[in-house]
Structures are given as C-alpha cells and as structure tokens.
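Heads up: the sequence shown at position 17 corresponds to 1 in our numbering, and the numbers run straight through without jumps. A virtual CB, placed ideally from N, CA and C, is assigned to each residue, including glycine. A quick write-up on the structure given underneath.
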Amino acid sequence: MGAMPLSGQIHRQLMDAILDGTLTGALPSERELAETFGANRHAVREAIKRLQQARLVEVQQGGATRVLNIPDHAGLDLLPELVAGPGRLNHEATTGVLELRACIGADAARLCAERSPGVGAALLDLLPDAAMPDAELAAGSAAYWTALVAGTDSLPYRLALNTLLAGLDAIGDSPAAKDFMTALREESRRADELEQIAHAIRRGDAPAAGETARRLLNSSIPPR
-15 MGAMPLSGQI HRQLMDAILD GTLTGALPSE RELAETFGAN RHAVREAIKR
35 LQQARLVEVQ QGGATRVLNI PDHAGLDLLP ELVAGPGRLN HEATTGVLEL
85 RACIGADAAR LCAERSPGVG AALLDLLPDA AMPDAELAAG SAAYWTALVA
135 GTDSLPYRLA LNTLLAGLDA IGDSPAAKDF MTALREESRR ADELEQIAHA
185 IRRGDAPAAG ETARRLLNSS IPPR
C-alpha cells in the first residue's frame, strides 16, 4: 500500500486534534497551516475541504475556518473515527456504538418478524458453529444481522447498520479493544439465542424477536 497523500496526512492530523479537543475555535490560516506541515496550500485546502464534508469545520465569510461542535453538527459517519483513532480507543463512544446497535437490532428484529417472516429460514442457515475461527465468526455475524436488517425493508436501518459495522471494524483494529472484542465474539457464539430470534421471526412473533434480540445485544454493553 502506498504512502498516504500529503493532504490525507494533514486531514488526519487536524481531525485527530479536533476529536481529542486540542484544536478548537478558529483554525490557523491556510498559509500558517502550510508552513506548519511543510506543504503547499493546495494540500491544506483539500484537507480542510474533507473536514468540511465531515461537518467538523465551517469556512466563514472572509475565509476564516472555525471548528464546529461535534454533537451539534457531525453525523453517524464520524463514529468509526470517534471510536478508534490512531493509538486510542474512546470507551464512551464505543459503549455508545454498542447501545445504538442494541436499540436498532432489537427494533429491526421486531420489524423483520412483522414484515418479512420468510427471512427467519435464511437466518437459521447463518447460525454460528462453535468451532468457527474468529474471522469467520465475525463475517457470519455480519451476514446474520445484515439479512435481518434487510428484512425490515428500511433503508435508513440498512445505512445505520453499515455505519455500525464500520464502527465495530474500527474497534477491532485497536489494540486497546481486546475486552470489547472478546465480549462481541462471545455474543456471536450464542447460537441458541440467535436461533430463537430466527424462529420468532419465522413465525411472525414480533415481540419475542425484539425482546430476545434486545437481551442478546445488551449483553455486550459494558457498564458506564
């Protein structure tokens, strides 16, 4: 894999500084940033444009660039970066990802049972095997929940799932995430409960599907 482009390196460093709170208020000027990073102003401009697209900064009249408040402006697409940037794991954000996952997963199971009970049979074919290696287990778990969420016929839920899976991938890439990933793997191996969800969906029992999914997914959430 080639080296990250200079604009990407600048974007990465500025984003990390914004996320950890060391960069607030107004950004230095384009010229000052170019001098700081030893880069041309075009690379700086490209980096700032990406920060704008992520709604981390806004360029005001007159050209000044101001850091935005993350909870007020950013979107779910920022979750992977919040969860696990270089060399760190944000435990509060990680717990929040798991809480959001539990809320969406439980409601998705309920909706799937109401709208697409036939998906239950497909889910039974995606149950984990105790002997599965971790990588295969993770892929199988993603396939199970993707099929379940697809059964809701809800595009927003599908998009939210994509973001959550990206966040979980980011968690898994962090050396500090060992305990979190162990809990998720243990959850993914609980074939009995996954089978109960599938059977509840298959018979159209929305309350049972939602409640079983809620219990299962909540089991991986650490205490705050």
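Apart from the five residues just before and just after residue i, which ones in its own chain have a Cβ nearer than 6 Å to its Cβ?
i: residue 77; result: 66 and 67
i: residue -14; result: Because residue -14 sits at a pLDDT of 49, beneath the cut-off of 50, its placement in the model cannot be relied upon, and the point is left open.
i: residue -4; result: none
Excluding the 5 residues preceding and the 5 following residue i in the sequence, name in chain order all residues of the same chain whose CB lies nearer than 8 Å to its CB.
i: residue 199; result: 177
i: residue 79; result: 205, 206 and 208
Closest to residue i by C-alpha separation, out of the options, would be which residue?
i: residue 194; options: 86, 72 and 79; result: 86
i: residue 148; options: 82, 22 and 113; result: 82
i: residue 104; options: 113, 115, 92 and 114; result: 92
i: residue 94; options: 137, 120, 127 and 79; result: 137
i: residue 159; options: -11, 130, 72 and 39; result: 72
i: residue 21; options: 203, 130, 63 and -6; result: -6
i: residue 23; options: -9, 141 and 116; result: -9
i: residue 211; options: 110, 162 and 150; result: Residue 211 is absent from the model: the chain starts at -15 and stops at 208.
Within the same chain, show all residues whose beta-carbon is closer than 7 Å to that of residue i, passing over the 5 residues directly before and after it, in chain order.
i: residue 84; result: 148
i: residue 171; result: 200, 203 and 204
i: residue 18; result: 24, 25 and 28
With residue i as the anchor, note down where its alpha helix (DSSP H) starts and where it stops.
i: residue 202; result: 190 to 202
i: residue 22; result: Run containing residue 22: none; DSSP gives neither H nor E here.
i: residue 105; result: 103 to 108
i: residue 5; result: No alpha helix (DSSP H) contains residue 5, which DSSP labels as neither H nor E.
What is the C-beta distance between residue i and residue j, in whole angstroms, given that I count them as a contact (C-beta under 8 Å)?
i: residue 52; j: residue -1; result: That belief does not hold up - the Cβ atoms of residue 52 and residue -1 are roughly 12 Å apart, past 8 Å.
i: residue 186; j: residue 121; result: That belief does not hold up - the Cβ atoms of residue 186 and residue 121 are roughly 23 Å apart, past 8 Å.
Can you check the stretch 36 to 74 for any beta strand (DSSP E) of at least 3 residues that lies completely inside it and give the ranges in chain order?
-> 41 to 43 and 49 to 51
Which ranges would you report for the alpha helix (DSSP H) in the stretch 150 to 185 if only whole runs of at least 4 residues count?
-> 162 to 172
Start-end ranges of the beta strand (DSSP E) lying completely within the stretch 111 to 144, minimum 3 residues | none
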